[in-house]
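Inspection log for the structure reproduced underneath, given as structure tokens.
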Amino acid sequence: MALPTIVVPKKLLKNKSALQGFFDNHQLERVNDAFCTVIGKVDVDIKLESEDKDRIRLSGTVSCELKLVCQRCLNSFSYPLEIGMRTMLVDEDSMVNEKTSFDDWPILGDELNLLNLIQDEILLGLPTAPTCETACSENDIMPSKGEKQLSERNPFEVLRQLKKDLNNT
Numbered sequence: 011m012a013l014p015t016i017v018v019p020k021k022l023l024k025n026k027s028a029l030q031g032f033f034d035n036h037q038l039e040r041v042n043d044a045f046c047t048v049i050g051k052v053d054v055d056i057k058l059e060s061e062d063k064d065r066i067r068l069s070g071t072v073s074c075e076l077k078l079v080c081q082r083c084l085n086s087f088s089y090p091l092e093i094g095m096r097t098m099l100v101d102e103d104s105m106v107n108e109k110t111s112f113d114d115w116p117i118l119g120d121e122l123n124l125l126n127l128i129q130d131e132i133l134l135g136l137p138t139a140p141t142c143e144t145a146c147s148e149n150d151i152m153p154s155k156g157e158k159q160l161s162e163r164n165p166f167e168v169l170r171q172l173k174k175d176l177n178n179t
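Residues 11 to 179, numbered by our numbering, are exactly what the sequence shown covers, in order.
As structure tokens, this is what we get:
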């Protein structure tokens, strides 16, 4: 089932305690602009739990397949991404009064832009320097030990050998 872009968490918590569905790849504009492309759809499975009157905890998984660019060979490759999500929805007014933890997500009013939250989770889950493990290897990019030894050899080694040969004759 396709998920709505904007949800009201308190209403969802009263009616059901889970959000299961997907977002189509064309909806994830920020992710598609970040040097990667979403292949297919993004599956979302989130459980809602009430912490107290001002806090709702979201926990679950976000999974998708991305097309990334390898930082070694610059070829595109498919990258499966599965993110464990643990986020606390906090009323913006209560954030000022209390010290917040690392996973707090402020909401203004009653509505939550679920699409923005999912896009942020995906962007934070991207690898810093993506590399394709199977298509390229360091041997293709880096010189082999033999090549390295050749470049580190003394350029006057040939002259030394000639001098030895002349002295021996």
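Each residue gets a CB set at the ideal place from its N, CA and C atoms; glycine is no exception.
Roughly how many whole angstroms lie between the Cα atoms of residue i and residue j?
i    : j    : result
D64  : G94  : 23 Å
R67  : P116 : 12 Å
D62  : P19  : 13 Å
E39  : D120 : 24 Å
F112 : N164 : Note that F112 scores 49 on pLDDT, short of 50, meaning its location in the model is unreliable; the coordinates nonetheless yield the value given after this. Those two C-alpha atoms are separated by around 56 Å.
L124 : C83  : 35 Å
C146 : M11  : 38 Å
I49  : L134 : 18 Å
D101 : S69  : 18 Å
Does the beta-carbon of residue i have 16 or more other beta-carbons within 10 angstroms, so that it is buried, or is it exposed?
i    : result
E1   : The requested residue 1 is not part of the displayed model; the chain covers only 11 to 179.
Q129 : buried
T97  : buried
N178 : exposed
F180 : Any question about residue 180 goes unanswered here, given that the chain covers just 11 to 179.
V168 : exposed
Residue i bridges to which residues according to DSSP?
i   : result
I93 : V72
K77 : T47 and S88
G31 : V54
Which one of the options has the shortest CA to CA distance from residue i?
i    : options                  : result
E143 : L22, P90, L99 and V54    : P90
P137 : V79, L176, E121 and N164 : V79
P14  : R170, N126, D43 and G50  : N126
K21  : R82, Q81 and S60         : S60
For the beta strand (DSSP E) containing residue i, name the first residue and the last one.
i    : result
Q81  : Q81 -> no beta strand (DSSP E), and no H or E assigned at all.
P14  : Taken as a continuous stretch (DSSP letters only), P14 belongs to no beta strand (DSSP E), as it is neither H nor E.
G119 : Element bounds for G119: n/a, residue is neither H nor E.
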